[in-house]
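One structure is given below, encoded as structure tokens.
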Amino acid sequence: MADNTTPTIMKGLEGVYFTETKICKVDGAKGRLWYRGYSIESLAKNSSFEEVSYLILYGSLPNVDALGAFRNKLVSCMALDGKLVDLIKGLNGKMAAMDILRTIVSAMPAFSEKKVFQNENDERIEEAIEIVGRICGIVATIGAVSKNGNYTGPDSTLGVAGNILYMLNGKKPDEKTSRMLDVMMLLHAEHSSNASTFCTIVAGSTLADIYSAITAGICALKGPLHGGADEKALDMMKAIGSPDNTEKYIEEALEGKKKIMGFGHRVYKAYDPRAKVIKAYLEDIQNGSTLEVQTFTAIALRAEKMMVEKLGETKGIWPNVDFFSGPVYTYIGIPKDLFTPLFAASRSPGWCAHMLEYWQDNKLIRPLDYYNGQLDIPYVPIEQRK
Ligand code: SDX
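Residue numbers (the working numbering): 616 to 1001.
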């Protein structure tokens, strides 16, 4: 390319392939998603967060013994060192839950018996398992400390989702809500090179350690254009207030060129298959739940109907994974400011797996930016400047 030609700028790296992977495929046109070749529909129906985490990290489904050992490792890593709990208590009320999570994850190496940045892949997977379990325990503890100031350690008879609810509430959850959270977590476990996973890989591509890379991922996930949309979508449902206000609110928002949180996607130009699974829960929780959950659910279903009619086929703007999560998490008893931290805990296997895969054939990530300013401007001493 001659110096004076402007290169093609791919803003937001839209449509750019930066690596190859065997972890996840997203077919945006058809609204399909596979983890290691298994469809998200079959995993949501048959699998668990623990089994999916094993699949994402190791590349194949475990047998009974391997799954049992993996699950026990994850659950045991949900137990937090007292000093880490004290750090969480010290930050409680001083900043958002997502900021506390980012800070505590940065401090995790201080409380890990393993030396950081293992060289061998199996050691790295061991480290990844510890990170996933620890983040799940940290998220539950952030919620528990905010709720009642207490720390409850994990119960070895429960799985990860069950323990998040047990550690959050101090009492064992019922099977139905525990399984609902388990599916929500596996639906969020991985999604190819989304902004937070890409951020994780960018940080790790400099050969920074995995804790630094995961912390970078948490920072990126926080934004409302990415993982933070789940909390914003519920804020919108609260602002709408009652189902009959839904259409007017959405109409005015669209007229004001506002983005409706929980809709649209850089890759999906069809219905997000994860949103379909979560939507099915709404129909399930609509009856017999609190008035608040019934209201959120009715608003969500009316908003979805209107948005799909107005922007689905015409603009390829469909519900994404974040839209229906709010009413379901509220039904399960997850407080709103824990939605995105829970997304981070759920996505930690995906972040770790992509980092380990990229390190197998590492290349520093350093794209170009096109300079279009002046050059060789004469330096004027300060006393001569106006
Ligand atoms: C996640 O990448 C992943 O895989 C992410 C994720 C994962 O699992 O990791 O799937 C999780 O982050 C899901 C997305 C959560 N974010 C939101 O719900 C926020 C609301 N959505 C939008 O901000 C938007 O759809 C993005 C950011 C998600 C994607 O936007 P793009 O690809 O950058 O496209 P764009 O913002 O340029 O929008 C293109 C057009 C614009 O209209 P025009 O200017 O062309 O007229 O579509 C419109 C936008 O205004 N549009 C929307 C809209 N999203 C896009 N209009 C109204 N409401 C929306 N939500």
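C-beta: ideal position from N, C-alpha, C; glycine also.
**Met876 CB to nearest heavy atom of the ligand SDX below 6 Å** = The residue labelled residue 876 in the question sits at position 261 within the sequence shown. Checking the Cβ of Met876 against the ligand SDX gives yes.
**Prompt:** So Phe664 and Leu801 are in contact, right, with Cβ under 8 Å, and what is the actual spacing, rounded?
**Reply:** Within the sequence shown, numbered from 1, the residue matching residue 664 stands at position 49. Within the sequence shown, numbered from 1, the residue matching residue 801 stands at position 186. With 8 Å as the limit, Phe664 and Leu801 qualify as a contact, their Cβ atoms being about 5 Å apart.
**Message:** If I measure Cβ to Cβ from Ser793 and keep anything under 7 Å in the same chain, skipping five residues before and after, which residues do I get?
**Reply:** Position 178 of the sequence shown, counted from the start, is the residue given in the question as residue 793. Result list for Ser793: Ala776, Gly777, Leu780, in chain order.
**Prompt:** Tell me which same chain residues have a C-beta within less than 7 Å of the C-beta of Met616, skipping the five on either side of it?
**Reply:** Taking the sequence shown and counting its residues from 1, one reaches residue 616 at position 1. Note that Met616 scores 47 on pLDDT, short of 50, meaning its location in the model is unreliable; the coordinates nonetheless yield the value given after this. Taken in chain order, the residues that qualify are Pro622.
**Prompt:** So Lys688 packs on Gly752, CB below 8 Å; how close in whole Å?
**Reply:** On the sequence shown, residue 688 is found 73 positions in, with the first residue counted as 1. On the sequence shown, residue 752 is found 137 positions in, with the first residue counted as 1. No, Lys688 and Gly752 are not in contact; Cβ-Cβ is about 12 Å, not under 8 Å.
**Asked** Exposed or buried, which one is Gly652 when buried takes at least 16 other CB atoms within 10 Å?
**Response** Start at 1 with the first residue of the sequence shown, and residue 652 comes out as number 37. Exposed.
**Request:** For the beta strand (DSSP E) containing Tyr650, list its first residue and its last residue.
**Result:** For the purposes of this step, residue 650 is identified with residue 35 of the sequence shown, where counting begins at 1. Counting along the chain, the beta strand (DSSP E) containing Tyr650 begins and ends at 647 to 650.
**Request:** Could you say which of Gly927, Thr830, Gln975, His803 lies nearest to Lys637 if we only look at CA atoms?
**Result:** Here the question's residue 637 lines up with position 22 in the sequence shown. The option with the nearest alpha carbon to Lys637 is Gln975.
**Completely contained beta strand (DSSP E) runs for the segment 713 to 770, where each covers 3 or more residues** = none
**Request:** Report, in whole angstroms, the separation of the C-beta atoms of Leu796 and Ile900, which I expect to be a contact under 8 Å.
**Result:** As a position in the sequence shown, residue 796 is number 181, starting the count at 1. As a position in the sequence shown, residue 900 is number 285, starting the count at 1. Contact flag wrong, Cβ pair sits at about 13 Å.
**Message:** Looking at Lys894: is its Cβ nearer than 7 Å to the Cβ of Met876?
**Reply:** Sequence index remark: in the sequence shown, residue 894 carries index 279 (1-based). Sequence index remark: in the sequence shown, residue 876 carries index 261 (1-based). Not a contact, by the Cβ cut-off of 7 Å.
**Proximal residues to Lys872 (C-beta, below 8 Å), its chain only, five neighbours per side dropped** = In the sequence shown, residue 872 corresponds to position 257, counting from 1. Answer for Lys872: no residue qualifies.
**Message:** Our contact map puts Leu716 next to Ala968 with C-beta atoms below 8 Å; I'd like the distance itself, whole angstroms only.
**Reply:** Here residue 716 refers to the residue found at position 101 of the sequence shown. Here residue 968 refers to the residue found at position 353 of the sequence shown. 20 Å between Cβ atoms; not a contact.
**Request:** Mind checking which residues open and close the alpha helix (DSSP H) that includes Ser920?
**Result:** Sequence index remark: in the sequence shown, residue 920 carries index 305 (1-based). Reading off the sequence shown, one finds Lys at residue 920, where the question assumed Ser. Per DSSP, Lys920 belongs to the alpha helix (DSSP H) from 906 to 922.
**Prompt:** According to the Cβ coordinates, are Met921 and Tyr826 closer than 7 Å?
**Reply:** In the sequence shown, the residue the question calls residue 921 occupies position 306. In the sequence shown, the residue the question calls residue 826 occupies position 211. Cβ atoms of Met921 and Tyr826: not closer than 7 Å.
**Item:** Contact under 7 Å by Cβ, Phe911 with Met852
**Value:** On the sequence shown, residue 911 is found 296 positions in, with the first residue counted as 1. On the sequence shown, residue 852 is found 237 positions in, with the first residue counted as 1. Yes, the pair counts as a contact, with Cβ atoms nearer than the cut-off.
**Message:** Along the chain, where does the alpha helix (DSSP H) containing Lys1001 start, and where does it finish?
**Reply:** By one-based count along the sequence shown, residue 1001 stands at place 386. First-last for Lys1001: undefined, no H or E at that position.
**Message:** I want to check one thing, is the minimum distance from the CB of Asp937 to the heavy atoms of the ligand SDX below 6 Å?
**Reply:** Position 322 of the sequence shown, counted from the start, is the residue given in the question as residue 937. At least one heavy atom of the ligand SDX is nearer than 6 Å to the Cβ of Asp937, so yes.
**Prompt:** Per the contact definition of three or more C-beta pairs closer than 8 Å, is the segment 673 to 689 in contact with the segment 697 to 705?
**Reply:** no
**Asked** Using a threshold of 6 Å, is the CB atom of Leu806 nearer than that to any non-hydrogen atom of the ligand SDX?
**Response** The sequence position of residue 806 within the sequence shown is 191, counting from 1. Per the sequence shown, the amino acid found at residue 806 is His instead of Leu. Yes, the beta carbon of His806 sits closer than 6 Å to at least one heavy atom of the ligand SDX.
**Message:** I believe Gly842 touches Thr929 by the beta-carbon criterion, under 8 Å. Please report the beta-carbon distance rounded to the nearest angstrom.
**Reply:** Translated into positions along the sequence shown, residue 842 becomes position 227. Translated into positions along the sequence shown, residue 929 becomes position 314. In fact, because the Cβ distance is near 27 Å, the residues do not count as touching under 8 Å.
**Asked** Looking at Leu840 and the ligand SDX, is the gap between the Cβ and the nearest heavy atom below 6 Å?
**Response** Along the sequence shown, one-based indexing puts residue 840 at 225. Answer for Leu840: yes, Cβ within range of the ligand SDX.
**Asked** Mind checking Ser961: buried by the 16 CB within 10 Å criterion, or exposed?
**Response** Along the sequence shown, read from residue 1 onward, the residue named residue 961 stands at position 346. It is buried - the Cβ of Ser961 has at least 16 other Cβ atoms within 10 Å.
**Item:** Distance between Glu741 and Glu728 (C-alpha atoms, nearest Å)
**Value:** Looking up residue 728 in the sequence shown gives position 113. Looking up residue 741 in the sequence shown gives position 126. Whole-angstrom Cα-Cα distance: 12 Å.
**Prompt:** Taking just the CA atoms, how far does Asn661 sit from His803?
**Reply:** Here the question's residue 803 lines up with position 188 in the sequence shown. Here the question's residue 661 lines up with position 46 in the sequence shown. Near 16 Å, if we compare the C-alpha coordinates of Asn661 and His803.
**Prompt:** Hey, Ala712 and Leu953: beta-carbon distance below 7 Å or not?
**Reply:** Against the sequence shown, residue 712 aligns to sequence position 97. Against the sequence shown, residue 953 aligns to sequence position 338. Result yes, Cβ atoms of Ala712 and Leu953 sit closer than 7 Å.
**Prompt:** So does Ile932 have its beta carbon nearer than 6 Å to some heavy atom of the ligand SDX?
**Reply:** Taking the sequence shown and counting its residues from 1, one reaches residue 932 at position 317. Correct: Ile932 has its Cβ closer than 6 Å to the ligand SDX.
**Request:** Just the C-alpha distance for Phe685 and Gly785, rounded to the nearest angstrom, thanks.
**Result:** Taking the first residue of the sequence shown as position 1, residue 685 is located at position 70. Taking the first residue of the sequence shown as position 1, residue 785 is located at position 170. Approximately 24 Å between the Cα atoms of the pair.
**Asked** What does DSSP give as the partner residues of Ser654 in its beta bridges?
**Response** For this step, residue 654 is matched to residue 39 along the sequence shown. Ser654 is bridged to Trp649.
**Asked** Just reading off the beta strand (DSSP E) that Val882 is part of, what are its end residues?
**Response** Walking along the sequence shown from the start, residue 882 turns up at place 267. Careful: Val882 lies outside any beta strand (DSSP E) and carries neither H nor E.
**Message:** For the ligand SDX, is there any heavy atom lying closer than 6 Å to the beta carbon of Asn809?
**Reply:** The count along the sequence shown starts at 1 and reaches residue 809 at position 194. Under cutoff, so the answer is yes.
**Message:** Does the beta-carbon of His969, which I'm using as the reference point, lie nearer than 6 Å to any heavy atom of the ligand SDX?
**Reply:** Within the sequence shown, the letter at position 354 stands for residue 969. Answer for His969: no, Cβ out of range of the ligand SDX.
**Prompt:** Could you give the C-beta distance for Leu979 and Ser820, rounded to a whole number, given that I count them as a contact under 8 Å?
**Reply:** Reading the sequence shown from its first residue, position 364 is the one you call residue 979. Reading the sequence shown from its first residue, position 205 is the one you call residue 820. Going by Cβ atoms, the distance from Leu979 to Ser820 rounds to 5 Å, so yes, they are a contact pair.
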